[in-house]
Structures are given as C-alpha cells and as structure tokens.
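Only one structure is covered here, and it is reproduced in the block below.
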C-alpha cells in the first residue's frame, strides 16, 4: 500500500466527537485537607477525541475525510474546529445542538499516571431534526466519493437507532463497506454492517460472556455475534494478543501484536478501524488491510495518550520491517531519538559491548536489561575499538553485521556505534554522557569492579544494575572451540 493510494482514498465518519484534554503535572505530596495527591507545575494540552481521533488517524494516513458529528454552541466546539483545520479537515459536518455541550474529557495525570478523569457531556439521544441532518451529511459524503463509512459509537447520543439504520442503508445501497466501533450489548442495532471491531471486553459483553481467551474461543464468540446480529465480519482487537478477523465462513485470520512496548492503549481501537477503512477505501483486500492496521496499532500504543498514526511511521524501516531497531553511527541522531522517548516519559536503559558472535547468553542478558526500562539503547564497539582492546584477530563479525543482528532483537530499541575516534571511547563513558540513561546495565561479572559511567549515571539520579550472566556462554569460548582449544 503506497502513500499515493491512501491519499486518493475518501472515507466518511459519523459518531461522537469529543475534546480530549490532558492536564499533566507533578504529584509529590498529599493534600493536608484530604488523602489525595496535589498536582502542581501543570501543563495542559488538547487533542481530537472519539470520532475526532478516528478523523485524526485517517488524516495522518493522508486520507480525505467527511466527518459528521454534533457539538455544542460553545468555546470547546471552536477548539475542535481549529484542530480540524490544523490537520486539513473540513468542519462543515459538525452540527450545532443548543441543548447540549461539546463533549470534553479532561484527564489529570502525574507524569504518565492517570489520577482522575472529568467528563462534561449530555449523552441523551439527539432529536429527530439533528438525526435527519446527520443522515443527510453521510449521504452527501457517499455521493462525493467516500468508499468506506465508519460509525464511531461512544454511546453519547449521536448514533441513535434511526441514524445508524439510515446511514447503513445509504452505504449498502452503494455497496460501500460499513465499519462500526461498537458500544453496548445489543449489536443487532448495527444489522447490515460489514465489520464491527469490539475489543475483548466488548466482545464478552455482546455475547453474554462467552469465553474469548484463545483463538478458538474468539472464533466461536465472533461467529455467534455474526449469526445473532446480522453482521458480516468481526475484527476482535485483543490487546497484547493482537487481533482476529472472523467471517461467518472460511479460515479466520489471527494476527499477533507487533508493539515493541505497550505504553498507553488510549485510542488504539480508533487507529485500527481508521486504518482498515483507509485500506478498504484504497482498494485493499480485508486481510491486507488488517495486517496494516495491526502494524499501526503496534506503533500508537507506544505513544502517550490519544495519538494518531502517521504515514511516515508506517513507512519507516522499524514499522515496515517488523519493528527493526534503528542503527546510528552519528551520536547526535541517537540523542535526538532518545530525547523523543524521554519527552514521552519513557525510562531509558543503556548497555554496551562487542556482541561479536551472538549467543544465548547475550540474548538473555539483553532481555533482562530491557525488563528494567521502557527503551533499551545498546552501544556497540566499532571494529577498530575491538581490535584495540581485544586482539587484532577480532571481531569475527564486522560492525555492520553485528549491528544488524542486534537491531533485529525484540529487546533492543536503538543501536549506537562507538569507539570510532578515541581509545577513551572504548569504555563508553562519552556515549553514556550523550545518552544520559536512567538505567545502566552491565553483567554480574562486574560485581566489585569499576563500571564505566556508573558515577555519572548515579549522580543524575539513575541506577546501575548488574544483570545475572549465563554460565559458560561467551564469544571467547566459542572462538576457542572453533579453534580446537575448547
């Protein structure tokens, strides 16, 4: 799927649009008035939420979007229109209802921890006049070239039974697929929809708590839902277990999660339904669109808060190649990547070494290091450095080969080459100062020995952790065995 094919796609979206506001600060003490944290030094940001996040994901992929939704006659509606304009989306489909406010969800956070959510909303069903205008908006979008329709149902009153039936009928009359992000227990209100995308909890609620722990459980529950609700296909999103595409007949498709780290699942379902709709509107087969959506979901759950997928992220090497970690020879480039992670509140881990002939001891060590942080940076000695501090006959594998193998390991998030210019660099002190890790990891064989960079990391509030080593596993032992010495 190319960027151009998605940019030529058109998708219609109808649903509950809302403003997601995040108030983030420090919580270092309790209030003297009650046993609750005091939030200080706060910053506030706002993003498109609900159906608006579906819109943002589609625009991030370059798709042209027609959005139909309801807002109040208030300043928050103006904020939504401004944010839509910022991403090149037309706000003409936002209908003003004077009997309700714009939906706003305000999350209070200490760092990355949610303390409280405050909802401002009126979830009563919209009146008949607004319902008729919403249906007319969707019909106009379908006549204007939309090739997929998304219903983003958060149960906030926009998608009444009459609206749902009206827009599904309009799309089916044009043979346009209808995708539903559902709400509630009764999916028969979505009868005629092409696809529904419940998460595991929603699937249980809609099937009277049928089991859904395994692949086979998911298939049974999904086909029960298809049979009882008159829906063509269920795409069940399963968090760390990926997603499953189940039709009434044929072989189900089970996709394993591709996330490097699950940091925040807010809005991941919006990303899935938006990406599938974009793929279908661009002419993709459903299974191929699901693969693309699974990849996109694996990226967005590594972000903080409600955040859309971007086409650049899908096209990047780590997304397209099953999340291969980047390799940096330039320390400035590496520092920029790390600072981006740090801005998201992620804990940075660091280790270094030659990793010449990769063996089980290395793999176990790196997995243990990754368990202590959110992102692991591995500094790799260049070839000249290894020749200086080991022997002229080493390394066995050149730095490009060693970096490529390390980058393919799931535990590694960034590989940085060091030792290029000075012998002092061989011990990683300088690169440690550039990366500024929160956790410095070395093997337990360093117990009682000097660890380069340890004093610096600890002076900044970081920690040094000595990971257990696998006995009898080393590159030196392997080399000796190959030479007939072991």
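Numbering (the numbering used here), first residue to last: 13 to 498. We put the beta carbon where it would ideally sit given N, CA and C, even for glycine. Bear in mind the structure is a predicted one, so any value in this text is a computation, not a measurement.
Annotation for residue 417: 370 place their beta carbon closer than 6 Å to its own, counting only its chain and skipping 5 residues before and after.
For residue 431, the closest C-alpha among the options 367, 420, 443 and 424 is that of 443.
DSSP places residue 248 in the strand class (E or B) of the three-state scheme. Contact check for residue 24 against residue 150 passes: the beta carbons are separated by less than 8 Å. The beta carbon of residue 76 lies closer than 6 Å to those of 22 in the same chain, with the five residues before and after it left out. When rounded, the separation of the alpha-carbon atoms in residue 449 and residue 122 is 21 Å. A distance below 7 Å between beta-carbons, with the five flanking residues on each side excluded, links residue 54 to the following residues of its chain, in chain order: 35, 36 and 37. Taking the Cα of residue 306 as reference, the smallest distance to any Cα among 373, 268, 147 and 126 is reached at 268. Our two residues, residue 72 and residue 226, have alpha carbons roughly 33 Å apart in a direct line. Residue 43 counts as exposed, since fewer than 16 other beta carbons sit within 10 angstroms of its beta carbon. Rounded to the nearest whole angstrom, the CA to CA distance from residue 60 to residue 464 is 46 Å.
Boundaries of the beta strand (DSSP E) harbouring residue 455: 451 to 455, taken from the DSSP string. For residue 32, the secondary structure class from DSSP, reduced to helix, strand or coil, is strand. Counted as a single uninterrupted DSSP element, the beta strand (DSSP E) harbouring residue 193 occupies residues 190 to 193. Closest by C-alpha distance to residue 52, out of 127, 252 and 189, is 127. By DSSP's assignment, residue 125 forms a beta bridge with 122.
Residue pairing of residue 430 in beta bridges, as defined by DSSP: 393. A straight-line Cα-Cα distance of about 59 Å links residue 171 and residue 467.
Residue 311 places its beta carbon less than 8 Å from that of residue 321. Taking 4 residues as the shortest admissible run, the stretch 63 to 130 contains the following complete alpha helix (DSSP H) segments, listed from N- to C-terminal end: 63 to 72 and 87 to 98.
Note on geometry: alpha-carbon atoms of residue 173 and residue 427 lie some 53 Å from one another. When DSSP states are grouped into helix, strand and coil, residue 147 belongs to the helix group. Cβ neighbours of residue 441 within its own chain (closer than 7 Å, five residues either side excluded): 464 and 465.
Listed in chain order, the non-local C-beta contacts of residue 478 below 7 Å within the same chain comprise 454, 455, 456, 458 and 459, local neighbours out to five positions each way being set aside.
Collapsing the DSSP output to three states places residue 323 in a helix. For residue 327, the number of other beta carbons within 10 angstroms of its own is below 16, and it is reported as exposed. Secondary structure at residue 440: coil, using DSSP grouped into helix, strand and coil.
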